[in-house]
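Undergrad:
Number of protein chains: 2
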Amino acid sequence: MYRTHTCGELRAEHIGQEVTLSGWIQKSRELGAMTFVDMRDRYGITQLVFDVSKNPELSEPARELGREFVIKVTGMVIERESKNKKIPTGEIEILVSELTILNKSEIPPFTIENDTDGGDELRMKYRYLDLRRNPLQRALELRHKMGIEVRNFLHNQGFFEIETPYLIKSTPEGARDFVVPSRMNENQFYALPQSPQTFKQLLMVAGYDRYFQIVKCFRDEDLRADRQPEFTQIDCEMAFVERDDILSMFENLAKHLFKTVKGVEIEGEFPKIPYDQAMKLYGNDKPDTRFEMTFTELSKIVKGKGFVVFDNAEYIGAICAEGCASYTRKQLDALTNFVKRPQVGATGLIYLKCNEDGSLKSSVDKFFDEEQLKIWAETTNAKPGDLVLVLAGDKKKTLPALSELRLEMGKQLGLMDKNKFSPLWVVDFPLLEWDEDLKRFHAMHHPFTSPIVEDMELFDTDPGKIKANAYDLVINGVEIGGGSIRIHDRELQQKMFKALGFTDEEAEEQFGFLMNAFKFGAPPHGGVAFGFDRWASLFAGLDSIRDVIAFPKNNSGRDVMIDSPSRIAGDQLEELKLKLIPKEEK
Amino acid sequence: MYRTHTCGELRAEHIGQEVTLSGWIQKSRELGAMTFVDMRDRYGITQLVFDVSKNPELSEPARELGREFVIKVTGMVIERESKNKKIPTGEIEILVSELTILNKSEIPPFTIENDTDGGDELRMKYRYLDLRRNPLQRALELRHKMGIEVRNFLHNQGFFEIETPYLIKSTPEGARDFVVPSRMNENQFYALPQSPQTFKQLLMVAGYDRYFQIVKCFRDEDLRADRQPEFTQIDCEMAFVERDDILSMFENLAKHLFKTVKGVEIEGEFPKIPYDQAMKLYGNDKPDTRFEMTFTELSKIVKGKGFVVFDNAEYIGAICAEGCASYTRKQLDALTNFVKRPQVGATGLIYLKCNEDGSLKSSVDKFFDEEQLKIWAETTNAKPGDLVLVLAGDKKKTLPALSELRLEMGKQLGLMDKNKFSPLWVVDFPLLEWDEDLKRFHAMHHPFTSPIVEDMELFDTDPGKIKANAYDLVINGVEIGGGSIRIHDRELQQKMFKALGFTDEEAEEQFGFLMNAFKFGAPPHGGVAFGFDRWASLFAGLDSIRDVIAFPKNNSGRDVMIDSPSRIAGDQLEELKLKLIPKEEK
């Protein structure tokens, strides 16, 4: 037997018991005739004492114990002289009478502490050591707990978790697929799913009524900071529902998770903000609503005063940063530099200081007199002490730039508390987006999203104006999930494919099975999919999804620990009827 | 709103309420001025009544409703005149006042009833219709329930569910991998996991202590009847455990599932049968122990009597089929034909009838007198009325042949009740198996399985004799899962790779990351993996795993519904730096 208790379990009430523990050596220090060792496992840390006066035969081996050795000890639980109030086991220690070294350890390449000295690359290579650190163990525990709570909530609501296949069919629509050559079907390929979308719809056609699945999805895209080639979705679908049935169900799921995982009670309904309004007020379809600082459009009041930047601008928008009138020249220059960064893309920043003494000071005093600036202040609700920041330019570029500026000000003003949560639904998205390069529409959500009923007739007149019956769940500026009411009518689905530029043959080849299914009594249905990695990292208070994933890949899609992907054997390729195009032939 | 209740919910207590229901038309019949319709959803069936005298405007549309139409109705719950005791809603019906056709249906290609007239291929093509049938819905519901119970049980035992990657590294050891070409890492491939084996071991090295995952695994093998290229495992691992800690934990999991999913209480510990004994008594390492009929070896008592078949046989074994002395010539011939089938492979069948009157009659009377036959009967514990069946030949072929015969007799005698469950652990498997073709050992379980401590020294003298610290859970002759205590010592792992014929370089290239991890304090650990599909199909009382899988593939690895795998576009191949070898070039 390796242990009677874990390293996080013993308390004052156990004093006098003989126990056996196993774990890793966190650290060890000698104090005269005594050696003190912190032994660690997933559950906590327990202090061991080797006392040369009581167990002389153990004193030498104890002194040889190195960091990360795995040991088993037996001994008496005794009261600690100097209690450690920081850890739950701090009242006791183990006076060791037996010691077994279960495995030795080389000196690890970085320290295994809450804060480590290891660089990113080293920690990825020795991920199994990085994963020993407490913050990562707590993050994976939280993720596990979320999974359990999601499942039990949905189970209690009558959902079935049903597994959909991983080896499916490649479709050119959307992001790039990972493909899998089939040996048994020569020259043919499976694709790994980007989502179980069509399968969950077929399950609705099949009458399963309420489906969910926590499931891996795959996208072969060039990786950005917070993307992984494989990621996990909480995928859900319901039949015989309207939009608000779905929002209410998953709002309750979100509240359940807030409560059981974070201990946070969210009161009242989540706000529902139409896409147009989100863009107007926040310049962003996933607004961070932990703080206000909404946009005010100034175009009407500032144009025609001779300031050419404004006069030529399609859009002029402002935010009011409370209490920032005292910003120095240096701070304002830094903000100007911030908005001019290529990632933000503004050409310049205009400000108006509403000083505490009531005076107004602007970077465009030349063009606007105090009377006019007063109107700026009134329109933006700026009070004495506030700073109004203005961007101008093309609407398409200026809205997101002003959004970035707003978030930067939120950060600077400490308005983005990680322990405050502000969820909302963004609704009424456009159905179609015009692709200027390809000169055709593509689906903003996906081709199976239903238009809202009132807009149906626009298909023939002005498809770009159609609103989708689609919605996103946004928390603290992070898009946690999204979904829609789906098309369940064959003719409407055909119309949609046509609007997206599919020929009948392409539609048939790629989605014929779904169109066929719609012939046999498809019920009205809709659903939602949540990004599990992202939701977990939000709850864990982490900036990246990487640390809620046990074995993530780096930005080149590599697992540097196992050194994958890698070359495969020639006979493996031959069996698959594949030849490589050598790198030189590019 | 589509419904106030489901089709399985209404009872006598609801009489007098106005309700709205949605669902599919199961069937419809006219009776004078009335139309009766059975409406179905996942939850049940409710009878609708359209009464021309009360709602004349509905009578025509009601008559046009076809099978599998999706409708929504509103009406009054009324008491049924002729109650149907077979269904829970049989006391009531709905007098319909409003009818909406939500979607029409073509006539389905097969009937959607418990027993259908559709052939296998048709049902696979229209899987979404087959999945509407009640037996499949109940099978997927049972599978869902098992998943929930597994997770909650293991969660309560302190296990974390941790997701391991799907895009990993190809290793030549074991079955064939499915591979995934990497676009970002030219000419390199990921592999889909055959199991998360090495990752779960790394999680133990990382200190996660108790891990599980319900996870898809992939094997590119030629498919036999009950195999799928993708299948689901309940994958588990624990640190600081010995074999019996694991068996006890997962025996409790199994009992929990029996109780919560099947309502069956399994009393006492599961028997543990060593591999050698299972082979000796049942000729099979996954014996069906719902019935006895164990083997008796007759070699010692039947050799040297001049019967050349016995005299030349390495092994002569018998089973005693109770009460079968009355088998006719025809029945015995059928059994002989059964054992001679190539799948069974015996050369002939010898029998001894122990007649009710005490007389003995054997197919080899010529060689054995009554005195000798009496000894056969005594040795096999045959009583008057019993039939002794004997096979002889090479041990390697005869044991499995006799096992097949035993199972056939079990079937004929009705001893394989699907509602009786007989679980056991098979333990002490051989560590290595000699591969006569390759003239080398391969791992019977996998290369990470620990030998039992007592056999360690045999590595240098007689590796074929080493027993593994491995175990299988067998229920009713089905191998539900298996596992082992793993090697956690770097030197022992090296020894094992060497015994399996790996060069140091091969071991390093394929499993270097694991060998490295063992340098940094790997704890003792072990685990188990269960075949979820198989366990679910056993609990569902099904013969194949296909019907506990929503969208299975056929024996060529094809999904005939979505028509996958399929050709992919030329530019997709080019991006992946791949060329196809055309079929002709074979």
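Chains as they are written, first to last, in my numbering: chain A, 1 to 586; chain B, 1001 to 1586.
Yeah, the Cβ is synthetic: ideal placement off N, Cα and C, and Gly gets one too.
Using a cut-off of 9 Å between C-beta atoms, extract the partners of ASP357 of chain A located in chain B.
TA: Ordered by position in chain B, no residue passes the 9 Å Cβ test against ASP357 of chain A, which lies about 59 Å from the chain.
Undergrad: Can you confirm whether the stretch 230–250 of chain A touches the stretch 564–582 of chain A when touching is taken to mean that 3 or more C-beta pairs between the two stretches lie within less than 8 Å?
TA: no
Undergrad: Could you pull out every residue in the same chain whose Cβ sits closer than 7 Å to the Cβ of LYS1420 of chain B, ignoring the five residues on either side in sequence?
TA: ARG1290
Undergrad: Does the beta carbon of TRP24 of chain A sit closer than 8 Å to a beta carbon anywhere in chain B?
TA: yes
Undergrad: Which first and last residues belong to the beta strand (DSSP E) in which ASN991 of chain B is found?
TA: As shown, chain B starts at 1001 and ends at 1586. That puts residue 991 of chain B outside it, with no answer to give.
Undergrad: How should MET1456 of chain B be labelled, buried or exposed, when 16 other C-beta atoms within 10 angstroms of its C-beta is the threshold for buried?
TA: exposed
Undergrad: Grouping DSSP H, G and I as helix and E and B as strand, with all else coil, what is VAL1353 of chain B?
TA: The sequence shown places Lys at residue 1353 of chain B, rather than the Val named in the question. Three-state DSSP puts LYS1353 of chain B in a strand.
Undergrad: Verify the CB distance criterion: does LYS583 of chain A have a CB-CB separation below 8 Å to chain B?
TA: yes
Undergrad: Please report the straight-line C-alpha distance between CYS324 of chain A and SER422 of chain A, rounded to a whole angstrom.
TA: Cα to Cα, the separation comes out at about 24 Å.
Undergrad: Under a CB-based cut-off of 8 Å, is GLY1414 of chain B close to chain A?
TA: no
Undergrad: Taking the continuous beta strand (DSSP E) assigned at MET1249 of chain B, which residues delimit it?
TA: Not the beta strand (DSSP E): MET1249 of chain B falls in the alpha helix (DSSP H), residues 1243–1262.
Undergrad: Can you find a C-beta in chain B that's less than 8 Å from the C-beta of LYS216 of chain A?
TA: yes
Undergrad: Could I get the ranges of all uninterrupted beta strand (DSSP E) runs contained in the stretch 1378–1428 of chain B, with 3 residues as the minimum, in chain order?
TA: 1387–1393 and 1423–1427
Undergrad: Taking only three categories from DSSP, how would you classify LEU1576 of chain B?
TA: coil
Undergrad: For THR260 of chain A, I'd like the list of residues in its chain whose CB is within less than 6 Å of its CB, leaving aside the five on either flank, ordered along the chain.
TA: GLU149
Undergrad: Just the Cα atoms here: how many angstroms apart are ASP1533 of chain B and GLY263 of chain A?
TA: 37 Å
Undergrad: Taking only beta-carbon positions, decide if LEU1492 of chain B is within less than 8 Å of chain A.
TA: no
Undergrad: Quick one: does PRO447 of chain A have its CB under 8 Å from some CB of chain B?
TA: no
Undergrad: Would LEU1349 of chain B and LEU1360 of chain B be called neighbours here (beta carbons separated by less than 8 Å)?
TA: The beta carbons of LEU1349 of chain B and LEU1360 of chain B sit no closer together than 8 Å.
Undergrad: Using a Cβ-Cβ distance cut-off of 8 Å, determine whether TYR1275 of chain B contacts chain A.
TA: Chain A, which has no Cβ nearer than 8 Å to the Cβ of TYR1275 of chain B, makes this no.
Undergrad: Quick check on the DSSP output: the beta strand (DSSP E) that includes ILE1025 of chain B runs from which residue to which?
TA: Counted as a single uninterrupted DSSP element, the beta strand (DSSP E) harbouring ILE1025 of chain B occupies residues 1018–1031.
Undergrad: Name the one or two DSSP bridge partners that SER1299 of chain B has.
TA: Its beta-bridge partners do not exist; DSSP assigns none.
Undergrad: Could you check if THR89 of chain A is buried or exposed, using at least 16 other CB atoms within 10 Å of its CB as the buried criterion?
TA: Under the 10 Å beta carbon count, THR89 of chain A is surrounded by 16 or more other beta carbons and is classified as buried.
Undergrad: Given this structure, state the Cα-to-Cα distance separating LYS586 of chain A from ARG1227 of chain B, to the nearest angstrom.
TA: Low per-residue confidence applies at LYS586 of chain A: pLDDT is 46, beneath 50, and the placement is therefore not dependable, though the value from the model is reported in the following sentence. Approximately 40 Å, taken between the alpha carbons.
Undergrad: Skipping 5 residues on each side, what residues in its chain have a beta carbon closer than 6 Å to that of GLU1404 of chain B?
TA: VAL1344.
Undergrad: Answer with yes or no whether the minimum CB distance from ALA1468 of chain B to chain A is below 8 Å.
TA: no
Undergrad: Is it buried or exposed, PRO1582 of chain B, if we count other Cβ atoms within 10 angstroms and call 16 or more buried?
TA: Exposure of PRO1582 of chain B is indicated by the presence of fewer than 16 other C-beta atoms within 10 angstroms of its C-beta.
Undergrad: When the cut-off is 8 Å and only beta carbons count, does HIS1155 of chain B lie next to chain A?
TA: yes
Undergrad: Is it true that the CB of ARG490 of chain A sits closer than 8 Å to the CB of THR449 of chain A?
TA: Pairing THR449 of chain A with ARG490 of chain A gives a Cβ-Cβ distance that is not under 8 Å.
Undergrad: Please report the straight-line C-alpha distance between SER1082 of chain B and ARG1029 of chain B, rounded to a whole angstrom.
TA: Their Cα atoms are separated by approximately 15 Å.
Undergrad: Quick check: what's the CA-CA separation for GLU509 of chain A versus LYS216 of chain A?
TA: Cα to Cα, the separation comes out at about 25 Å.
Undergrad: So, are the CB atoms of MET293 of chain A and ILE266 of chain A less than 8 Å apart?
TA: Here MET293 of chain A is not near ILE266 of chain A, since their CB atoms are 8 Å or more apart.
Undergrad: Compare the C-alpha of GLY174 of chain A against each of A:ASP235, A:GLN197 and A:ASN187 and name the closest.
TA: A:GLN197
Undergrad: Consult DSSP for MET34 of chain A and reduce its assignment to one of helix, strand or coil.
TA: Strand.
Undergrad: What does HIS442 of chain A pair with, by DSSP beta-bridge criteria?
TA: Looking at the DSSP output, HIS442 of chain A shares a beta bridge with A:GLU433.
Undergrad: For GLU269 of chain A, count neighbouring C-beta atoms within 10 Å of its own C-beta (all shown protein chains included) and say buried if the count is 16 or more, exposed if not.
TA: exposed
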